[in-house]
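Visitor:
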Amino acid sequence: MNLQLTNLDKPFWPEGITKGDLLAYYQAMASALLPLLCQRPLVLKRYPDGIEGEYFYQKQAPPHTPPDFPRVHWHGIDYLYVKTVEHLLWIINTGAIEIHAWPSRVPRLDQPDILLFDLDPAPGVPFSQVCQAALLVKAALEKLGLVGFVKTSGSRGLHIFVPIQPGPASGQLRRALALLCQTLVQVWPTGLTTEFSKSKRQGKVYLDYLQNTTGKSTAWVYSVRPLPGAPLSWPVSWDEVEAGNLNPQQFTLHNYLQYIPQARQLWGDFFQQARSAAGLLALLS
DNA sequence: GGGCACA
DNA sequence: TGTGCCCAACGCAAA
DNA sequence: TTTGCG
């Protein structure tokens, strides 16, 4: 594939971070990111003029995509996916700041290999409450024989990714997750909610299980967020979550180099920890 | 970000 | 040679 | 049936 990077000096953040800086970040992270991203249909969220410019979503492969770029047809749309660092950088060059990927891989697009939990605090909710919520999710997963990996969302919350052995259909997993989340809300009704309407989330952490729908996507691990300060969605340890001395925006495009070794260690064996989702599905019966 | 139709 | 336009869309629950 | 929500 002929990779041509363009407009490297274009400011993508008002604070001076350029498109070239963004590309350099993803190049540096490629070896950690690619194993987790390969073969996953992508939803591009493109900011051709940086975070303060207009953005748009794009699923259908753009017409000018190189002919040999990997793509997969699904429900009438040709989704792009990546296999190599060149593919990744081509995607970033289109103005994709965040990475949005499916929790399933080619060719088993309706059989997720990852379950997602999105823990999003209502305005004013302290981050320590998000950490407590995450620990509840972790404990519940362990009872079901599953292993959760936690990361900052890069915004205000935490994400938990759970590797599973593919097989069960996404719809069935989603229904089981809905039950699990509702059970967790019963365990801590004052701290957690699955309510859609924002007005009913006051003071609580929103536990969003609807991210697990086919065709849905969440900011992927190692994503840059199009926010001031260029925060990252970055792996953290459960010990840090327990200690509660974590800032969800402490990892940024400015300081990530020092955190790379720990991140590799934390998420390096992600797929080795994949377990059967049978215990989770048993909640449905 | 870039191709396209148009003016 | 310049300008505008396009680029996603599913499921759930409350109203 | 539409609307808010992500």
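1123 is the number of the first residue of the first sequence in the numbering used here; add one for each residue after it.
Heads up, the beta-carbon is just placed ideally off N, CA and C, and yes, glycines get one too.
Using the Cα positions of GLN1324 and HIS1281, report the straight-line distance between them to the nearest angstrom.
Guide: Those two C-alpha atoms are separated by around 20 Å.
Visitor: Considering TYR1201, what are the terminal residues of the beta strand (DSSP E) in which it resides?
Guide: Here the beta strand (DSSP E) through TYR1201 covers 1199-1202.
Visitor: SER1292: buried (16+ other C-beta within 10 angstroms of its C-beta) or exposed?
Guide: SER1292 should be labelled buried.
Visitor: Just tell me which of LYS1326, ALA1218, GLY1142 has its CA closest to the CA of GLY1175.
Guide: For GLY1175, the nearest C-alpha among the options comes from ALA1218.
Visitor: Do you know offhand how far TYR1148's Cα is from LEU1211's?
Guide: Those two C-alpha atoms are separated by around 7 Å.
Visitor: So, ALA1223 versus ARG1162, is the Cβ gap smaller than 8 Å?
Guide: A contact, by the Cβ cut-off of 8 Å.
Visitor: So, helix, strand or coil for PHE1393, using DSSP?
Guide: DSSP places PHE1393 in helix when its eight states are reduced to three.
Visitor: Hey, out of GLY1279, ALA1404, LEU1368, whose CA is closest to ARG1347's CA?
Guide: Of GLY1279, ALA1404, LEU1368, the residue nearest in Cα terms is GLY1279.
Visitor: Going by C-alpha distance, which of PRO1185, LEU1166, ALA1400, LEU1329 is nearest TYR1179?
Guide: Ranking PRO1185, LEU1166, ALA1400, LEU1329 by Cα distance to TYR1179 puts LEU1166 first.
Visitor: For ILE1236 and LEU1302, I'd like the C-alpha separation in whole angstroms.
Guide: When rounded, the distance between both Cα atoms is 16 Å.
Visitor: Where does the unbroken alpha helix (DSSP H) through GLN1380 begin, and where does it stop?
Guide: That residue, GLN1380, is in no alpha helix (DSSP H); it is neither H nor E in DSSP.
Visitor: Three or more C-beta pairs closer than 8 Å, one from the stretch 1350-1364 and one from the stretch 1227-1244: is that the case here?
Guide: Taking 8 Å as the limit for Cβ pairs, the verdict is that the stretch 1227-1244 does not touch the stretch 1350-1364.
Visitor: Let's test the definition: count the other Cβ atoms within 10 Å of the Cβ of LYS1440 and tell me whether it reaches 16, buried, or not, exposed.
Guide: With the chain running from 1123 to 1407 in the structure shown, residue 1440 is simply not present.
Visitor: Thinking just about the alpha-carbon of each residue, which of LEU1299, PRO1357, ASN1369, PHE1373 is nearest to the one in SER1250?
Guide: The shortest Cα separation from SER1250 among LEU1299, PRO1357, ASN1369, PHE1373 belongs to ASN1369.
Visitor: What residue range is occupied by the uninterrupted beta strand (DSSP E) comprising VAL1307?
Guide: Per DSSP, VAL1307 belongs to no beta strand (DSSP E); it is in the alpha helix (DSSP H), 1292-1309.
Visitor: Please return the same chain residues whose Cβ sits closer than 7 Å to the Cβ of LEU1306, not counting the five positions on each side in sequence.
Guide: Counting only Cβ-Cβ distances below 7 Å, and skipping sequence neighbours, we find LEU1258, VAL1259, ALA1262, LEU1314, LEU1329.
Visitor: Pull up the distance between the alpha-carbon of GLN1287 and that of LYS1132, whole angstroms please.
Guide: If you take the alpha carbons of GLN1287 and LYS1132, they lie about 42 Å apart.
Visitor: Tell me, which residues are paired with TRP1196 by DSSP?
Guide: Paired residue(s): ILE1199.
Visitor: Looking at C-beta atoms only, is the number of pairs between the stretch 1153-1160 and the stretch 1186-1204 that lie closer than 8 Å three or more?
Guide: Segments in contact, yes.
Visitor: Taking Cβ to Cβ, would you say PRO1245 is nearer than 8 Å to VAL1252?
Guide: The answer is no: Cβ separation not under 8 Å.
Visitor: Mind checking whether ILE1173 and LEU1375 have CB atoms under 8 Å apart?
Guide: No, Cβ-Cβ distance for ILE1173 and LEU1375 is not below 8 Å.
Visitor: So the candidates are LYS1141, THR1128, LEU1406, MET1151; which of them puts its Cα closest to the Cα of GLN1294?
Guide: For the residues LYS1141, THR1128, LEU1406, MET1151, the minimum Cα distance to GLN1294 belongs to LEU1406.
Visitor: According to the neighbour-count rule (16 or more other Cβ atoms, all chains shown, within 10 Å of its Cβ), is GLU1137 buried or exposed?
Guide: Label assigned to GLU1137: exposed.
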